[in-house]
Amino acid sequence: MAKPPTLTRAEARKATRWFQKRLGIQDWTIKLDVQDDVPRWGRDDADDGTLGMTMTCAPYKEATIWIAPGRHAKGGDWPLATLFHELLHVVAHDTGVESGERLPTEAQEYVHNRIGDLLAAAYRKGL
Ligand SMILES: [Zn+2]
């Protein structure tokens, strides 16, 4: 049986640094909240199936990312891919894509899922 997916705070921090360097968002301050309870700021939008969320403040280049590792075991999702998905929201905010709503939410989520999976695979291979 496959090992249930996990992600520690230290692993998330390391992967975030890797991502920021490669995607050119080193100037953002990114706080990581790695635990399974929905944070206060996410309660209006999260449901039982929410695996992670991001809150950004683009003018100050600050973001808080919540990742719930324990919620991934049920669906077999990969916490690292969720982290990269959330970080791609930060990239989108950095470029102004999300604030300008130039892409429908569904399209953004789709693109972030696909690229997030790809980046997680690259990260695991040490690329
Ligand atoms: Zn998303």
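According to this note's numbering, the stretch in the sequence shown is residues 742 to 868, in order. Don't be surprised by glycine CBs; every beta carbon is placed ideally from N, CA and C.
Along the chain, where does the alpha helix (DSSP H) that runs through G857 open and close?
T846 to R865
When L868, A751, T797 and N854 are compared against I766, the one with the closest alpha-carbon
T797
What whole-angstrom Cβ distance do P780 and D774 have, given they're in contact under 8 Å?
6 Å
If you check the beta carbons only, do E839 and A833 fall under 8 Å apart?
Less than 8 Å divides the Cβ of E839 from the Cβ of A833.
My guess is that P820 and I808 are in contact by the Cβ rule of under 8 Å, so how many angstroms apart are they, rounded?
6 Å
In the DSSP assignment, what are the bridge partners of E803?
DSSP output for E803 lists T770 and C798 as bridge partner(s).
Once the 5 residues before and after A799 are set aside, which same chain residues still bring their CB inside 8 Å of it?
H834, D835, G837 and S840
Please state whether DSSP places M742 in a helix, a strand or coil.
With a pLDDT of 48 at M742, under the threshold of 50, the modelled position of this residue cannot be trusted, and the question is left open.
Verify whether the separation of the beta carbon atoms of T791 and H830 is less than 8 Å.
no
By alpha-carbon positions, which one of T823, W782, R754 and T747 ends up nearest to N854?
T823
Any chance the CB of E901 is under 7 Å from a heavy atom of ligand 1?
For residue 901 there is no data in the structure shown, the boundaries of the chain being 742 and 868.
Taking C-beta to C-beta, are P810 and L860 nearer than 8 Å?
no
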